[in-house]
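>
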Amino acid sequence: MVVEAPEPRKLSAIMFTDMEAPAGQRWRDDCLQQALHDEHGRLVRDLLPRHGGREVKRMEEGGFLLEFDAGLSAVSFALEWRAAVDARNRCVPGERRMSVRAGAHLGLVVHRDGDVFGEGVNLAARIESLARPGTVYVSETVAAQVEGRLKAPPVRLGRNELKNIKLPVAVFRIDAPVEPRGEGALMARVRSLLGRRRVPAGG
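Remember, my numbering sits 1059 above the position in the sequence shown when you count from 1.
1. Out of curiosity, what's the CA-to-CA distance linking residue 1210 and residue 1201?
2. Mind checking who residue 1099 pairs with in its DSSP beta bridge?
3. Determine the closest residue to residue 1183 out of 1090, 1134, 1108, with distance taken between C-alpha atoms.
4. DSSP state of residue 1184, grouped into three classes?
5. Please state if the CB of residue 1077 and the CB of residue 1191 are separated by a distance shorter than 7 Å.
6. Relative to the C-alpha of residue 1090, which residue among 1102, 1154, 1137 is closest?
7. Ends of the beta strand (DSSP E) at residue 1194?
8. For the beta strand (DSSP E) holding residue 1068, just list the boundary residues, first then last.
9. For the putative contact between residue 1293 and residue 1112, defined by C-beta atoms under 8 Å, what is the C-beta separation to the nearest angstrom?
10. Measure the beta-carbon distance from residue 1176 to residue 1199 and round it to whole angstroms, keeping in mind my assumption that it falls under 8 Å.
11. Tell me which same chain residues have a C-beta within less than 6 Å of the C-beta of residue 1131, skipping the five on either side of it?
12. From which residue to which residue does the alpha helix (DSSP H) around residue 1139 run?
13. Confirm, please, whether the CB-CB distance from residue 1114 to residue 1073 is below 7 Å.
14. Measure the beta-carbon distance from residue 1079 to residue 1119 and round it to whole angstroms, keeping in mind my assumption that it falls under 8 Å.
15. Go through its chain and collect everything with a Cβ distance to residue 1195's Cβ below 6 Å, but skip five positions before and after it.
16. Comparing C-alpha positions only, which one of 1123, 1099, 1185 sits nearest to residue 1297?
17. To the nearest angstrom, how far is it from the Cα of residue 1096 to the Cα of residue 1144?
18. Per DSSP, which one or two residues make a beta bridge with residue 1126?
19. Confirm, please, whether the CB-CB distance from residue 1167 to residue 1101 is below 7 Å.
20. To the nearest angstrom, how far is the alpha carbon of residue 1257 from that of residue 1106?
21. By how many angstroms is the C-alpha of residue 1140 removed from the C-alpha of residue 1103?
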């Protein structure tokens, strides 16, 4: 009898992002929704290489499944991404604003046909589903990697029972702002994303 060797596993930081209309609002029309999904995609793909991330795939409703070599890289991306979206939202009418959230976990995954699988992926998806609009939630493994390396420590939110996950999982919220030295480049990216639309001073 031939026994197949187990698929090799790799330690990766997996992040799910989600994008939706602002709280309490609905997309005005399908064309606007698609336009904002495309705009959000350009922003994610512009920032991702700066943090060593890889786009695994585009999800429904404008979100992404992303992979990083370390939890710190994932959080670094998430902070700049969230700050860029916030800056963008200050420059556009209410109906064109985006609401984003993200969840990340550092764990073992299996690569197959360009996709990633495993409990590490499932955990990241479940954590993202807990996140409130505008927030970044991470598992304890990610929080441990960034502890003492951000301007504000991760905020522990307690243990959560997650669907299809055997044991309760400790979840943390990342509140640290983007590093000041990155604000100039961040605003340049926002201006590029919005074309020639004026970005208010001090935004």
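Positions of the beta carbon are idealized from the N, C-alpha and C atoms, including for glycine.
On the basis of the coordinates in this document:
1. Working through the sequence shown from its first residue, we reach residue 1210 at position 151. Working through the sequence shown from its first residue, we reach residue 1201 at position 142. Residue 1210 and residue 1201 have their C-alpha atoms roughly 16 Å apart.
2. Here residue 1099 refers to the residue found at position 40 when the sequence shown is read from its first residue. Paired residue(s): none; residue 1099 is not in a bridge.
3. As a first step, residue 1183 is located in the sequence shown; it is residue number 124 there, counting from the start. Answer by Cα proximity: 1134.
4. Translated into the one-based positions of the sequence shown, residue 1184 becomes position 125. It is helical.
5. As a first step, residue 1191 is located in the sequence shown; it is residue number 132 there, counting from the start. As a first step, residue 1077 is located in the sequence shown; it is residue number 18 there, counting from the start. Against a cut-off of 7 Å, the Cβ pair of residue 1077 and residue 1191 comes out as no contact.
6. Taking the first residue of the sequence shown as 1, we reach residue 1090 at position 31. Looking only at 1102, 1154, 1137, the smallest Cα-Cα distance to residue 1090 is reached by 1154.
7. Translated into the one-based positions of the sequence shown, residue 1194 becomes position 135. For residue 1194, no beta strand (DSSP E) encloses it, and the DSSP letter there is neither H nor E.
8. Taking the first residue of the sequence shown as 1, we reach residue 1068 at position 9. 1068-1079 is the extent of the beta strand (DSSP E) around residue 1068.
9. Residue 1293 cannot be examined here, being either before or after the span of the chain that is shown, 1060 to 1262.
10. Residue 1176 sits at position 117 when you count from the first residue of the sequence shown. Residue 1199 sits at position 140 when you count from the first residue of the sequence shown. Between residue 1199 and residue 1176 the Cβ distance is about 22 Å, and since that is not below 8 Å, they are no contact.
11. Within the sequence shown, the letter at position 72 stands for residue 1131. Exclusion of the five residues before and after residue 1131 leaves 1204, 1205 as the residues of its chain whose Cβ lies within less than 6 Å of its Cβ.
12. As a first step, residue 1139 must be located in the sequence shown, where it is residue number 80. Per DSSP, residue 1139 belongs to the alpha helix (DSSP H) from 1130-1148.
13. Stepping through the sequence shown from its first residue, residue 1073 is reached at position 14. Stepping through the sequence shown from its first residue, residue 1114 is reached at position 55. Taking 7 Å as the Cβ cut-off, residue 1073 and residue 1114 do not qualify as a contacting pair.
14. The residue given as residue 1079 occupies position 20 in the sequence shown. The residue given as residue 1119 occupies position 60 in the sequence shown. Not really, about 11 Å apart at Cβ, beyond 8 Å.
15. Here residue 1195 corresponds to residue number 136 of the sequence shown, with the count starting at 1. In the same chain as residue 1195, and ignoring 5 residues on each side of it, the C-beta atoms closer than 6 Å to its own belong to 1137, 1161, 1233, in chain order.
16. What the structure shows of the chain is the stretch from 1060 to 1262, and residue 1297 is not part of that stretch, so it cannot be assessed.
17. Your numbering for residue 1096 matches position 37 in the sequence shown. Your numbering for residue 1144 matches position 85 in the sequence shown. If I take the Cα positions, the gap works out to 12 Å.
18. Stepping through the sequence shown from its first residue, residue 1126 is reached at position 67. Among the bridge pairs identified by DSSP, residue 1126 is matched with 1073, 1113.
19. As a working note, residue 1101 is residue 42 in the sequence shown. As a working note, residue 1167 is residue 108 in the sequence shown. No; because the gap between Cβ atoms is not below 7 Å, this pair is not in contact.
20. In the sequence shown, residue 1257 corresponds to position 198, counting from 1. In the sequence shown, residue 1106 corresponds to position 47, counting from 1. Any answer about residue 1257 is weak, because its pLDDT of 42 lies below 50 and its placement is not dependable; what the coordinates show is given next. So the alpha carbons of these two residues sit roughly 21 Å apart.
21. Translated into the one-based positions of the sequence shown, residue 1103 becomes position 44. Translated into the one-based positions of the sequence shown, residue 1140 becomes position 81. The straight-line gap from Cα to Cα measures roughly 7 Å.
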